[in-house]
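Chemist: The structure's right below; bear with me while I get my questions together.
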Amino acid sequence: MRNSKYLLLGTSLLFASIAVSADLTVKDRNTIEVLCKQLLADYAIYRDHLDADGFANTFSEDGTLLIGSETYRGRQAIRKNITDRPHPGSAHMVMFTTTQITPISATEATGISSALILNGNRPVGIGDKPIQMRGISVANEYHTNFKLTDEGWKISHLEFSTVFRGPGYVQ
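Using the numbering used here, the letters of the sequence shown correspond one by one to residues 23 to 193.
Set out below in C-alpha cells:
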C-alpha cells in the first residue's frame, strides 16, 4: 500500500512537469536549452574579462543578480558590479561544469549549474607565467531564471551559493 502511494505521487509529479512544457516541441525545448546555456557561457566570459557591457547585457533590463548578501537590480547596477572592480583585474575564471536547463514555457526557463571558480592574485597576460594554484577557489551552485525578451533570451534572475571552498592560489 505504501509503495502504491509513492508510485501514484511520483507519477502525478511526472505528468505535472510534462504538462507544464507540453506545448513545446522537442525542437523548441532543445533551442531554449542551447540559447540559455550560451547565455551562461557569455556570462562567464564577460565576467572573467571584466566586460561590463557584455556582462550586463546577458541580463534582462530588469534582471537581478544576487552575490552573497548583495543584490544588483537592473542592467545599470549589474554593469556597476563590474566597473567598480579594479582594472586590470586579477585573473578570474568561471568554469561551468554541469548545467541543466528546464524550459517552462515558450518564454521562460530555469537552470541549475555547477561551476568551479579560480581566482588569482594578479592579472595574467599573453606571455605571463601562470599563477600557481593549490586547488580551486570555490565551487558554486547557480540557480538561474531565463526569459525571452525583445532582445532574445536573457537572464532574469541569477543567484549562487558556495558549496566548497578551496585553498586557491599559492601566496
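Ideal Cβ placement from N, Cα and C applies to all residues, glycine included.
Since the structure is predicted, the reported quantities are computational estimates derived from the model, not experimental observations.
How would you call G149, buried or exposed, if buried means at least 16 neighbouring beta carbons within 10 angstroms?
Modeler: Counting from one through the sequence shown, the residue named residue 149 turns up at place 127. By the 10 Å Cβ count, G149 comes out exposed.
Chemist: Taking Cβ positions, are L88 and E181 nearer each other than 8 Å?
Modeler: Locating residue 88 in the sequence shown gives position 66, counting from the first residue. Locating residue 181 in the sequence shown gives position 159, counting from the first residue. For L88 and E181, yes; Cβs fall inside 8 Å.
Chemist: Where does I177 land, buried or exposed, given buried means 16+ other C-beta within 10 angstroms?
Modeler: The residue given as residue 177 occupies position 155 in the sequence shown. Answer is buried; the Cβ neighbour count reaches 16.
Chemist: Could you check what DSSP says for R24 in three-state terms: helix, strand or coil?
Modeler: Taking the sequence shown and counting its residues from 1, one reaches residue 24 at position 2. Because R24 carries a pLDDT of 49, less than 50, the predicted location of this residue cannot be relied on, and the following value inherits that uncertainty. In this structure, R24 counts as helix in the three-state DSSP scheme.
Chemist: Hey, H114 and N141 are a contact pair by Cβ (cut 8 Å); roughly how many whole angstroms apart?
Modeler: One-based indexing of the sequence shown puts residue 114 at position 92. One-based indexing of the sequence shown puts residue 141 at position 119. Right, their Cβ atoms sit about 6 Å apart.
Chemist: Is it buried or exposed, V116, if we count other Cβ atoms within 10 angstroms and call 16 or more buried?
Modeler: Reading the sequence shown from its first residue, position 94 is the one you call residue 116. When all chains shown are included, V116 counts as buried.
Chemist: Give the straight-line distance between the Cα atoms of T33 and T124, rounded to the nearest whole angstrom.
Modeler: Along the sequence shown, read from residue 1 onward, the residue named residue 33 stands at position 11. Along the sequence shown, read from residue 1 onward, the residue named residue 124 stands at position 102. Reliability of the predicted coordinates at T33 is poor, the pLDDT of 47 falling under 50, and no value is obtained from them.
Chemist: Taking 7 Å as the cut-off, is the C-beta of D70 nearer than that to any heavy atom in the ligand SAM?
Modeler: The ligand SAM is absent from the structure shown, which contains no ligands of any kind.
Chemist: Quick one: grab the DSSP three-state call for T93.
Modeler: In the sequence shown, residue 93 corresponds to position 71, counting from 1. Here T93 sits in strand by DSSP.
Chemist: Would you mind working out which of N52, H179, G85 and T129 sits nearest Q98, comparing C-alpha positions?
Modeler: Against the sequence shown, residue 98 aligns to sequence position 76. Checked all of N52, H179, G85 and T129; the closest Cα to Q98 is G85.
Chemist: So what does DSSP say about P125, is it helix, strand or coil?
Modeler: Taking the first residue of the sequence shown as position 1, residue 125 is located at position 103. Strand.
Chemist: Taking the alpha helix (DSSP H) that E55 falls in, what are its first and last residues?
Modeler: Start at 1 with the first residue of the sequence shown, and residue 55 comes out as number 33. Looking at the DSSP string, the run of the alpha helix (DSSP H) that includes E55 is V48 to D70.
Chemist: Ordered along the chain, which non-local residues of its own chain (more than five positions away) have a Cβ less than 6 Å from that of A161?
Modeler: Within the sequence shown, the letter at position 139 stands for residue 161. These residues qualify, in order along the chain: L138, V185 and F186.
Chemist: The beta strand (DSSP E) with G174 in it runs from where to where?
Modeler: Taking the sequence shown and counting its residues from 1, one reaches residue 174 at position 152. G174 to R187 is the extent of the beta strand (DSSP E) around G174.
Chemist: Output needed for Y28: all residues of its chain with C-beta closer than 8 Å, excluding positions within five of it in sequence on either side, in chain order.
Modeler: The sequence position of residue 28 within the sequence shown is 6, counting from 1. At Y28 the pLDDT is 44, less than 50, meaning the model places this residue with poor confidence; the figure from the coordinates comes in the next sentence. Contacts found: none.
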